[in-house]
Each structure stands twice: as structure tokens, then as C-alpha cells.
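Here is the structure we will look at, set down as C-alpha cells.
Protein chains in written order, with our numbering: chain B, 218 to 621; chain R, 3 to 238.
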């Protein structure tokens with residue numbers, strides 16, 4: 218009967234209860250929206266990292282990542298490729314020759330990371346072809362051509378056909394330089410990458426380095442994101458002479474972002490709930506003050522303090538849970554809609570988003586796996602909000618309450 | 003005939019004990035036997051409600067003992083006192099004090115639920131109670147849909163629901179018109195005579211005083227007069 222009483226009590230002031238329920242609906246909707254947006258942004262960022270930057274797994278010479286010297290090549294790739302082609306999860310293999318160097322133009326110099334690529338695989342591996350905004354698509358590739366990012370082009374005032382000189386150390390630490398001409402300008406969703414990465418022919422770069430035909434990196438794409446750790450551990454045992462790294466290890470800032478944004482989204486949700494808790498607390502205190510005499514009477518008749526506490530707690534939980542399902546439902550519907558149609562965030566500034574490596578169109582995703590923690594936060598909010606009113610109710614002396 | 007239900011020994015209730023003490027009840031001795039139909043009368047401020055609150059375990063005396071059916075309630079812990087009230091004392095308040103969100107039936111059932119009585123027994127007893135207070139037709143109505151007299155009869159049914167040792171009624175007819183008051187008194191009288199239920203009520207109402215078989219007059223927290231109980235109802 219306490220359940221019946223609690224349910225009917227919250228409808229004694231319909232408008233007041235509906236207002237607080239709507240607040241909870243909106244609060245939860247806001248929380249879900251934040252979680253969904255962050256989830257969408259994270260997914261977008263992770264997809265960019267995997268699909269356009271690192272791939273799922275990369276293989277290097279064990280010393281290459283630490284010392285970053287071009288002499289640390291992978292070596293004979295015949296046997297390695299044979300092993301890789303026998304792993305069913307691997308759907309794409311890409312090879313690169315890498316070197317850090319200096320780019321010199323009439324307007325100045327800039328530090329760059331030079332990727333020596335095989336256009337046949339690189340174009341699809343990192344979606345480079347889709348990112349090219351100006352110039353040819355390198356199908357009619359000529360010698361000493363370079364593809365640079367738009368950000369770098371703007372900074373160095375380079376156009377299609379502009380000449381530049383690349384300088385770097387070869388394997389014997391001699392300074393090598395060579396003139397290149399800008400054939401294409403690309404633009405990705407990651408401005409810092411656009412400012413740093415330039416692409417040249419892999420065979421040309423390896424020749425300049427004195428390592429004809431050699432590569433520094435093998436990138437792999439898998440048929441399933443979840444298979445990364447499994448395939449990585451398999452590769453570690455099959456290729457003990459190579460360093461096997463997953464995208465999380467190569468791009469730790471993305472992994473850090475995933476964890477940080479996860480925590481931030483919960484913090485935002487908790488802040489929303491704290492604000493709501495005060496609304497619930499206020500409503501419940503008003504309800505208790507208005508019913509002082511009634512509560513005193515119930516106590517006089519013989520209802521124990523725990524029963525009165527439970528009654529107030531139930532009313533608070535009903536108020537909270539009354540608004541929660543609607544908030545979840547609207548949140549889910551909006552997430553589904555925007556997940557299908559995308560949410561255009563260009564209003565926030567394309568450059569700003571790009572500088573953090575985010576795309577302009579985000580596809581928010583309903584955080585189904587976070588539903589349980591969200592519901593726990595909501596219920597805990599309700600329980601915490603009910604404590605003060607419930608304590609007030611049980612501390613009433615029946616005789617004083619009846620005089621009210 | 004010596005079945006004493008309420009026995010107060012030299013009880014006092016003092017307000018402002020450290021500044022200017024005001025005795026609401028002073029050195030009061032009172033015995034109420036099972037089956038009595040007793041009215042507490044006296045001018046305002048004479049201590050009627052305070053005495054009912056003390057006997058009902060809602061307040062504690064500063065001195066003395068209150069023994070209800072052999073239990074000294076002044077020595078009970080707050081938790082045990084709540085439980086004692088639930089099983090031994092029925093209350094009827096001046097302003098009815100029904101739970102507004104519950105129907106008449108649910109108001110009476112609430113007490114039995116607190117006592118942990120089974121559904122079958124509850125249903126059976128509710129039928130009987132509402133027949134006794136002549137409210138069988140209004141059993142599913144909420145207090146707001148009932149007249150004052152009907153609400154007070156529900157309050158009597160609720161007070162009886164726990165099968166208490168006695169019923170304390172604080173000015174039960176004060177908010178009722180004369181017809182409703184007379185009707186309520188008929189019911190209370192009948193319950194007293196036929197079911198041997200003990201009633202102790204405070205009142206200013208001469209109609210109630212006329213129907214009482216014992217009248218205790220309080221003045222300044224002390225018994226000024228006490229008529230002999232007329233125990234005509236103890237035939238069974």
C-alpha cells in the first residue's frame with residue numbers, strides 16, 4: 218500500500234510533479250545527447266585514425282620508432298607478406314618508406330614527415346585519393362612529384378606546380394636534398410597532419426635514402442576492429458623480429474581521448490543530475506512540509522520510521538523514474554535520427570574541428586553500453602535527493618506534526 | 003469489572019520546566035476499565051488533549067507512570083512505543099485526519115497492513131467494520147468524496163481496524179453538524195455496548211457528555227470531578 222500511496226501522492230500536485238518530471242526528462246535527454254555526441258565524435262576520430270592515418274596494425278623494425286633513423290628498414294618482405302596473406306582477418310596491406318626532413322621553399326622552411334608510398338595501395342589504404350582537392354590524382358605519375366597538405370601549402374604559399382626542396386639524412390647520415398614539384402594538394406579532417414605529412418613516390422625516396430626498394434613500415438587493415446588485439450598477438454609470435462603495434466599504441470593520444478571523453482561525458486551527466494537533484498529535493502521538501510500533519514498522523518497510528526522513510530523515498534524514485542523513460546526514449550530517437558542523417562557541426566567552425574582531428578559531420582551514436590551506468594546515476598540521484606526530505610519526515614514528532 | 007485498561011500513576015506534564023513551569027497535567031491518577039465510555043471535559047487549556055496524548059503514547063509525562071493493559075508505556079523505547087500504539091491504541095482525531103489519497107477501505111486497511119494481517123482476514127474485517135459504521139456503500143470513496151460525518155465514521159472504522167485495547171477520540175464531534183454528530187455517537191455507543199469497546203474522548207459537546215457513562219472533569223491539569231461509571235453494557 219505504501220507503493221500505492223507514494224504513486225498517488227505524487228499526483229496530488231499534478232503540475233508540480235509534471236514540471237519536475239519534465240526537468241528530469243530534459244536533463245536526461247541532455248545527458249544522453251552529450252554522451253551520443255561524444256560517442257559519435259570518438260567513433261569519427263577513431264575511424265579517421267584507422268581508415269586514414271595508421272590502419273589497424275603497423276609493423277616496423279624494432280628500433281625504428283624509438284630512434285627514427287632511416288637505416289632501420291624492415292628488410293626482406295617476401296616471407297613477411299606470405300605470412301600476412303595467410304591471416305584471414307587482414308584485408309589490406311600497405312608499405313611505406315619514411316623519413317623526417319626539412320622542406321625548403323622560396324618563402325621559408327618547414328619540418329615535414331615524408332611518406333614514400335606506392336600509390337596503388339596507399340590511395341585506398343589512407344583514402345588519400347579522396348582527400349586530394351587540387352591537382353592530378355597521380356595516375357599519370359611523373360618523377361619528383363610531391364603531394365602536400367592544404368595547411369602546409371597555405372603556410373608556405375605553395376600551389377600546384379610550385380617547386381620545393383626536400384632535405385634529409387640518408388642511411389649513412391649524409392645530408393641528401395632533392396627538388397620536387399607540387400603535383401597535388403590534399404585536405405584531410407586533421408589539420409595538424411595536413412601541415413606535417415607529405416607524400417612522394419616510395420621508390421624515389423628509397424633511392425634517395427640509399428635503400429632502393431626498401432621500406433620502413435607495413436600497415437595492415439583488418440576486417441573487424443575488434444580483431445586488432447588478437448591479430449597483433451598472433452603477429453608478435455609469427456614475426457618476432459618486427460615491432461608490432463596497434464593503432465592504440467601508435468596513436469596514444471586517440472586512446473587517451475577515448476578515455477578522457479568517456480570520463481568527461483560522465484562528469485557532465487553528473488553535473489546535470491546534481492542540478493536536477495536540487496529540483497527534486499526542493500519539490501520533495503515542499504511536499505513533506507505541506508503534509509506535516511498527515512505524516513504525523515501516520516506516525517501516530519503506528520507507522521514505523523522506516524516505513525515513512527520508505528514512503529518518501531518511493532515518491533522521489535517515482536518522480537525521478539517518471540521522467541527518465543521519456544528522456545531515454547527521446548534521446549534514443551534523436552540519436553537514431555542523427556546517426557542516420559548526420560549532425561552538421563560546421564557552425565562550430567570547420568577549422569576548429571579539423572585542428573582536433575574531427576570531421577564536420579558527426580554521427581551521434583546512442584550510448585547503449587552506457588545505459589546501465591546512466592540509469593544507476595539517475596537512481597542514485599533520486600535516492601540522494603530523497604534523503605533530506607525523508608529524514609525531515611521521520612524526525613517529525615507526531616504530537617508536534619498533529620498540532621500543525 | 004476490575005479489568006483496568008488505562009492506569010495512570012501520579013503523572014505530570016510540565017511545559018517550560020526551567021523557566022516558568024506550566025503544569026498541563028499535575029499529579030494525575032486515573033483508571034479506565036475495559037468497556038467504559040468516558041468523556042473528558044473541562045475548559046480550554048484544562049489538559050484534556052495533553053492527557054489523551056500522554057495516554058496515547060504520543061507524548062511522555064515528566065513524572066509518573068502510564069500503564070496500558072499491564073505495560074508501562076513511559077519505559078518503552080520510541081520504536082517499541084510505535085509498535086505498541088499500532089497494536090493497542092485506536093485514534094480518532096477532531097479533524098478526521100484520513101489519508102486523502104486512500105479510499106475509505108484503504109484507510110482502514112492501512113492499519114491492518116502495518117500489523118501484517120493477511121488479505122483474507124483484512125477483507126473480512128473491513129466488511130464487518132464498514133457495516134458497523136454504516137458505510138458499506140461508500141467504501142471505495144476517497145475522503146474528499148465523503149461528508150464530514152462520513153469521514154469521521156471512516157476514522158472510527160480505521161481506529162477499530164487494529165482491534166485496539168481502547169479508542170482515544172479528541173473532540174470527535176467538534177467539526178460535525180448535529181445530525182452527523184448524533185449519528186456518530188450512536189455508532190460509538192453501539193460499538194461500546196455490543197462489542198465492549200472502550201472509548202475515552204475529550205469533548206466540549208454537551209450531546210456527547212450526555213451520552214457518556216462516565217464524565218471526568220479536568221481543571222488546570224487535575225481531576226476536579228469524576229462521575230461513577232455506569233456499566234450498563236456489561237451484560238455479556
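Where is the CB? At the ideal position from N, CA and C, for every residue including glycine.
Computed from a predicted structure; not experimentally measured.
| Asked | Found |
| --- | --- |
| Inter-stretch contact (C-beta, 8 Å, three-pair minimum) for the segment 514-528 of chain B and the segment 602-615 of chain B | yes |
| Distance CB(residue 315 (chain B))-CB(residue 329 (chain B)) smaller than 8 Å | no |
| DSSP bridge partner residues for residue 42 (chain R) (one or two, in chain order) | R:204 and R:218 |
| Alpha-carbon to alpha-carbon, residue 63 (chain R) and residue 17 (chain R) | 10 Å |
| For residue 110 (chain R) and residue 101 (chain R), the rounded distance between their alpha carbons | 10 Å |
| Given 8 Å, three or more beta-carbon pairs between the segment 259-276 of chain B and the segment 386-401 of chain B | no |
| Whole-Å CB distance - residue 265 (chain B) paired with residue 406 (chain B), under 8 Å assumed | 6 Å |
| is_contact[residue 78 (chain R), chain B] using C-beta, thresh 8 Å | no |
| Runs of alpha helix (DSSP H) lying entirely within the segment 310-387 of chain B, each at least 4 residues, in chain order | 336-342, 345-348 and 367-373 |
| Proximity test, Cβ basis, 8 Å: residue 122 (chain R) and chain B | no |
| Reduced DSSP category for residue 560 (chain B) - H, G, I as helix; E, B as strand; rest coil | strand |
| Chain R within 8 Å of residue 532 (chain B), Cβ atoms only | no |
| Sequence-distant residues of its chain with Cβ nearer than 8 Å to residue 341 (chain B) (five each side left out) | 309 |
| Start-to-end residues for the alpha helix (DSSP H) that takes in residue 89 (chain R) | 80-90 |
| According to DSSP, residues forming a beta bridge with residue 307 (chain B) | B:439 |
| Secondary structure, alpha helix (DSSP H): runs of 4+ residues fully inside the segment 560-615 of chain B | 567-572 and 588-611 |
| Check whether residue 274 (chain B) and residue 434 (chain B) have beta carbons under 8 Å apart | no |
| 8 Å Cβ cutoff, residue 127 (chain R) in contact with chain B | no |
| The segment 167-185 of chain R: positions lying closer than 7 Å to chain B by Cβ | none |
| Partner residues on chain B for residue 131 (chain R), Cβ-Cβ distance less than 7 Å | Going along chain B, no residue has its Cβ under 7 Å from residue 131 (chain R), so there is no contact; the nearest lies around 15 Å. |
| Continuous beta strand (DSSP E) assignments of at least 3 residues falling wholly in the segment 235-286 of chain B | 274-277 |
| Neighbouring residues, chain R, relative to residue 582 (chain B) (Cβ below 7 Å) | Within 7 Å Cβ-Cβ: nothing; residue 582 (chain B) doesn't reach chain R, min ~43 Å. |
| Start-to-end residues for the beta strand (DSSP E) that takes in residue 400 (chain B) | 392-403 |
| Short-range partners of chain B found in the segment 17-36 of chain R, where Cβ spacing is below 9 Å | none |
| Residues near residue 482 (chain B) by beta carbon distance below 7 Å, same chain, minus five either side | 251, 252 and 255 |
| C-beta neighbour in chain B for residue 61 (chain R), strict 8 Å | yes |
| Start-to-end residues for the alpha helix (DSSP H) that takes in residue 152 (chain R) | 150-163 |
| Backbone CA spacing between residue 304 (chain B) and residue 453 (chain B) [nearest angstrom] | 13 Å |
| Closer than 7 Å at the beta carbon, the chain B residues around residue 103 (chain R) | 222, 225, 226 and 229 |
| Test: residue 519 (chain B) CB closer than 8 Å to a CB of chain R | yes |
| Near the ligand SAM: residue 400 (chain B) beta-carbon under 7 Å from a heavy atom | Among the components modelled here there is no ligand, and therefore nothing to report on the ligand SAM. |
| Alpha-carbon spacing of residue 237 (chain B) relative to residue 595 (chain B), whole angstroms | 14 Å |
| Collapsed DSSP secondary structure at residue 194 (chain R) in the structure displayed | helix |
| Residue 421 (chain B) burial status per 10 Å Cβ neighbour count (16 or more: buried) | buried |
| C-alpha distance - residue 367 (chain B) paired with residue 376 (chain B), whole-angstrom precision | 9 Å |
| Beta carbon proximity, residue 542 (chain B) to chain R, threshold 8 Å | no |
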